[in-house]
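Numbering (this note's numbering), first residue to last: 976 to 1220.
Have a look at the structure below before the remarks.
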Amino acid sequence: LEKTGKTLAFLSRLDRSVISGPILTSMRFFLIAAASLLAGSQAMAPPIPSAPMGAKMMHVQQPALAVECFLDFCCPFSAKMFNTLYPNRASLFEGKPVEVLFQNVAQPWHPQSACMHEVSLAVKSIDETKFFAAAAALFDHQESFFDENVMDKTRRALYSELVAIAAESTGLDAADIASHLELIDSSPNCGSAVTLPMKFAAKYHRVRGVHVTPTVFMNGVEAPDISSGWSVEQWKDKVDLCLSQ
976 LEKTGKTLAF
986 LSRLDRSVIS
996 GPILTSMRFF
1006 LIAAASLLAG
1016 SQAMAPPIPS
1026 APMGAKMMHV
1036 QQPALAVECF
1046 LDFCCPFSAK
1056 MFNTLYPNRA
1066 SLFEGKPVEV
1076 LFQNVAQPWH
1086 PQSACMHEVS
1096 LAVKSIDETK
1106 FFAAAAALFD
1116 HQESFFDENV
1126 MDKTRRALYS
1136 ELVAIAAEST
1146 GLDAADIASH
1156 LELIDSSPNC
1166 GSAVTLPMKF
1176 AAKYHRVRGV
1186 HVTPTVFMNG
1196 VEAPDISSGW
1206 SVEQWKDKVD
1216 LCLSQ
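Here is the structure:
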């Protein structure tokens, strides 16, 4: 920005005797306009996540295989995949150069899904090591938040129930989790402390073309053969095949 400002100031001060004639004058104004746009674009650049997207299940250094699982807490098929992978993570991935990443996908046709993901991201922002404990608990209580069970509940009522589940499963303070869900008092439509992480998650799965859940990517490429109904043995075979290539 400092360099752009200096360029803009220099161009603005140029003497007309140096740049004269219709073409050169047009070039002068074009360069000034371009410098102004560059300065504005840099000043208004959108925020970028401070770390790569996703919650790490295995915390492997320099993995040879990255398995990204795009999951929704309100999706029974996502729950089925999670409940195959997470409880069996040691036998599936331990000792192997494999990282498994949980990618949040809030499906808009289940409005309560957003609240479920917000609570998980609140836990993650407080203590990332507690994320999977909260995720497991949210999946375990998934049916309580199916459409027919939440149709007449308010947003605050949903938060209250979800925070209680997250606090019990992680040992975190319920008030601390809830504080991340309160509106930031800066404008009437400002969102909360987890609004930006939710935006990052939505942008990430949209740019990857993820629609249905679960969807799995391996080393950045979608693996459409992987199903929520896969057994532990099928996962082992797939992982070993990928590592052997």
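Glycine residues also receive a C-beta, built at the ideal position from the N, C-alpha and C atoms.
Note that this is a predicted model, so its numbers are computed, not measured.
- For V1098, the enclosing alpha helix (DSSP H) begins and ends at P1086 to I1101.
- Buried is the label assigned to L1156, since at least 16 other Cβ atoms lie within 10 Å of its Cβ.
- When secondary structure is reduced to three states using DSSP, N1058 falls in the helix class.
- If the five residues before and after V1042 are omitted, its C-beta is found closer than 8 Å to the C-beta atoms of V1073, E1074, V1075, L1076, V1191, F1192, M1193 and V1214, all from its own chain and listed in chain order.
- In this structure, A1109 keeps its C-beta atom at 9 Å or more from the C-beta atom of S1053.
- Judged by DSSP in its simplified three-state form, D1215 adopts helix.
- Under the three-state reduction of DSSP output, S1206 falls in the coil class, being neither helix nor strand.
- Collapsing the DSSP output to three states places T1188 in coil.
- With contacts defined as CB atoms closer than 9 Å, V1080 and T1188 qualify as a contacting pair.
- When DSSP states are grouped into helix, strand and coil, E1069 belongs to the coil group.
- Pairing Q1087 with C1044 gives a Cβ-Cβ distance that is not under 9 Å.
- Note that the segment 1062–1073 does not touch the segment 1113–1126; fewer than 3 beta-carbon pairs, one per stretch, sit closer than 8 Å.
- For D1148 and F1120, the gap between their C-alpha atoms comes out near 22 Å.
- The closest CA to that of H1180, considering only A1168, G1166 and G1195, is found on G1195.
- Out of H1085, P1051, D1047 and V1035, the CA that lies nearest to the CA of G1204 is found in P1051.
- Put simply, the backbone Cα of L1060 is about 32 Å away from that of P1022.
- For N1058, the closest C-alpha among the options A1132, V1185 and A1112 is that of A1112.
- Counting along the chain, the unbroken beta strand (DSSP E) around A1041 starts and ends at L1040 to L1046.
- In terms of Cβ geometry, M1028 and A1198 do not form a close pair [threshold 9 Å].
- Measuring C-alpha to C-alpha distances from I1140 to each of Q1036, F1114 and I1201 identifies F1114 as the nearest.
- The Cβ atoms of H1092 and D1047 lie closer than 9 Å to each other.
- Buried is the label assigned to I1201, since at least 16 other Cβ atoms lie within 10 Å of its Cβ.
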